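Reading through the structure tokens given below for one structure.
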Amino acid sequence: MVEYLDTSAGRKLAYHKTQGRGPGVVFLGGFMSDMSGTKAVFLEDWAKSQGRAFLRFDYSGHGESSGTFAEGCIGDWAEDALEALSKLTDGPQILVGSSMGGWIALLLARKVPKRVHGLVGVAAAPDFTEDSMWPGLTDAQRAEILEQGQISVPNGYDDTPYTLTRHLFEDGKMQLVLQTPLDLPFPVRLMQGTLDEAVAPSVPLRLIAHATCPDMRLTLVKDADHRFSTPACLEMITAAITELTD
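Following UniProt numbering, the numbering of the sequence shown begins with 1 at its first residue and continues without gaps.
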């Protein structure tokens, strides 16, 4: 059953919480995805089978939460995640960040490192608005964003187009994690498919080179795509969580 968290910013976040032992697992979804996705539901079922605490939720403007997607930005969604972590979980958690969720996880790690037991990045996409999305637009698209405030672009995963706003890009510049020191004082496991059309393998390599971390490892999976949701990929994620909890 869906429950709702009222945030200090006046947003209403939909979530599913599973009671269990710690360290719990918090799933952080991707850009314009929601908590009903394959990875989130699979990990919840796995956590229940293990008797482990688990939380999945929708950022504002996503899924069943309040707000509209076009009004949001990385900073808002990171605030949502911080409130969910602070108010719905106890003790250090294992953050599993998928795509944009990997960026959100790194922002949480920078803000409240003592609440992070470990981090699993699945096709993690830190700084993507600045480093890949904006450069990937045409000159005409960038001009339209600057002049009109937003554009719509095709979504490669379903029929709903992405709305990209000037606010999204301007806020993204203030949330960057790969341009200033990034201390991750806990184990980190990164997973990346070689056929990922959204996040290049150079991204996790850059993160490894940039961050200060006592135990950071990257697994490259041949022929896996950005969804990283095949049975074998899903088992890799749970194996990483298990390794971080042992």
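Just so it is clear, CB atoms sit at the ideal spot from N, CA and C, and this is done for glycine as well.
Nothing here was measured: the structure is a model prediction, and the numbers come from that model.
Check, Outcome
"Status (buried if at least 16 other CB within 10 Å, exposed otherwise) for residue 131", "buried"
"Reduced DSSP category for residue 50 - H, G, I as helix; E, B as strand; rest coil", "helix"
"Local conformation of residue 69 per DSSP, three classes", "helix"
"Buried/exposed call for residue 13, threshold 16 Cβ in 10 Å", "buried"
"Nearest-angstrom beta carbon gap, residue 102 and residue 126 [assumed within contact, 8 Å]", "6 Å"
"Residue 6 - containing beta strand (DSSP E), residue span", "3–6"
"Cβ-Cβ distance between residue 129 and residue 168 below 8 Å", "yes"
"Contact set for residue 3: own chain, Cβ-Cβ below 8 Å, skip 5 residues either direction", "14, 15, 16 and 17"
"Touching by the beta-carbon criterion (3+ pairs, under 8 Å), the segment 44–58 and the segment 22–36", "yes"
"Reduced DSSP secondary structure (H/G/I, E/B, other) of residue 192", "strand"
"Residue 152, enclosing beta strand (DSSP E) - first and last residue", "150–153"
"8 Å Cβ shell around residue 84 - same chain, five flanking residues per side excluded", "5, 13, 15, 26, 55 and 57"
"Where residue 11 sits in the DSSP three-state scheme", "coil"
"CB-CB length for residue 11 against residue 91, believed under 8 Å", "Actually they are not in contact, since the Cβ atoms of residue 11 and residue 91 sit about 25 Å apart, beyond 8 Å."
"Cβ contact (3+ pairs, closer than 8 Å) linking the segment 39–52 and the segment 234–242", "yes"
"Cβ-based burial, residue 232 [other Cβ within 10 Å; buried from 16]", "exposed"
"Inter-stretch contact at 8 Å, needing at least 3 Cβ pairs: the segment 133–152 / the segment 201–209", "no"
"Sub-8 Å separation of residue 70 and residue 160 beta-carbons", "no"
"Coil, strand or helix - residue 93 by DSSP", "strand"
"CA-to-CA distance, residue 89 to residue 193, given in whole angstroms", "30 Å"
"Length of the line joining the Cα atoms of residue 172 and residue 144", "18 Å"
"Proximity of residue 75 and residue 35 at Cβ, strictly below 8 Å", "no"
"For residue 78 and residue 142, the rounded distance between their alpha carbons", "25 Å"
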